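Reviewing the structure listed below.
Numbering (the numbering used here), first residue to last: 1 to 228.
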């Protein structure tokens, strides 16, 4: 990493997003971030590096086109060429090639294109909105399973990062220890009806129940007559 930063003196990032791997969260790497004044952070999301994953998706699409055009699946020896093609192609959001963006003009990009996207995404939700969280499907999970959490959360803060991220809290006001992307949230109304997953124990006319989609610390006593 240090060799990359030394060779790219005019293109040193201000922010660096990564997953929570030990290769990033160690004394040596963190010292490097401080020396180059880079803000290193993680979103604590299943999609650990959305920006990098989006670039990888673009590169994959270019590789697949290469497969089709040349009727081959050998791509390692062409990866640098394909990457160069990406870096010299005009980006539809910025209107510029990635190789044309540097420390001297990045402010122009931030001032217009980036803020326009941030504002659009920020307006979809506001602080205080109730939302459900996207449930990550496993590779072989059936398509008809629920896509969204049963538990409902409230947006407590909007981070004007790129992409925009949202901080949430549960119905008890406890913060959730990660940020969420816009595509991981679905706006909803606070429910009037709760579903009982199972009855844990009984005591006279009272039932101690676990609520569907809620964590165990939300288990509670209810009157039997309140179940409909």
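Note that beta-carbon positions come from the ideal geometry of N, C-alpha and C, so glycine has one too. Since the structure is predicted, the reported quantities are computational estimates derived from the model, not experimental observations.
Beta-carbon separation (whole angstroms), residue i vs residue j, contact threshold 8 Å
| i | j | result |
| --- | --- | --- |
| residue 58 | residue 86 | 6 Å |
| residue 82 | residue 66 | 7 Å |
| residue 97 | residue 88 | 5 Å |
Backbone secondary structure at residue i - three-state DSSP
| i | result |
| --- | --- |
| residue 39 | strand |
| residue 201 | strand |
| residue 152 | coil |
| residue 164 | coil |
| residue 64 | helix |
| residue 144 | Per-residue confidence for residue 144 stands at a pLDDT of 38, beneath the threshold of 50, marking its modelled position as unreliable; the derived number appears in the next sentence. Residue 144 falls in the coil class under three-state DSSP. |
| residue 132 | strand |
| residue 29 | helix |
Alpha carbon of residue i to alpha carbon of residue j, nearest angstrom
| i | j | result |
| --- | --- | --- |
| residue 168 | residue 54 | 24 Å |
| residue 133 | residue 199 | 25 Å |
| residue 203 | residue 224 | 10 Å |
| residue 11 | residue 177 | 32 Å |
| residue 141 | residue 35 | Residue confidence for residue 141 is low, a pLDDT of 42 falling below 50, so the modelled location carries little weight and cannot support an answer. |
| residue 22 | residue 182 | 27 Å |
| residue 269 | residue 201 | The first residue shown for the chain is 1 and the last is 228, placing residue 269 beyond what the model contains. |
| residue 60 | residue 166 | 29 Å |
| residue 84 | residue 105 | 21 Å |
| residue 91 | residue 15 | 20 Å |
| residue 31 | residue 161 | 23 Å |
Candidates the options, of which the one nearest residue i by Cα
| i | options | result |
| --- | --- | --- |
| residue 184 | 170, 131, 71 | 131 |
| residue 218 | 197, 206, 205 | 197 |
| residue 13 | 30, 28, 40, 220 | 40 |
| residue 214 | 181, 149, 82 | 149 |
| residue 173 | 163, 154, 19 | 154 |
| residue 125 | 80, 221, 161, 187 | 187 |
Those residues which DSSP pairs with residue i across a bridge
| i | result |
| --- | --- |
| residue 71 | According to DSSP, residue 71 bridges with nothing at all. |
| residue 175 | 169 |
Any non-hydrogen atom of the ligand NAP within 7 Å of residue i CB
| i | result |
| --- | --- |
| residue 188 | Looking at this structure, you won't find the ligand NAP or any other ligand, since it has none at all. |
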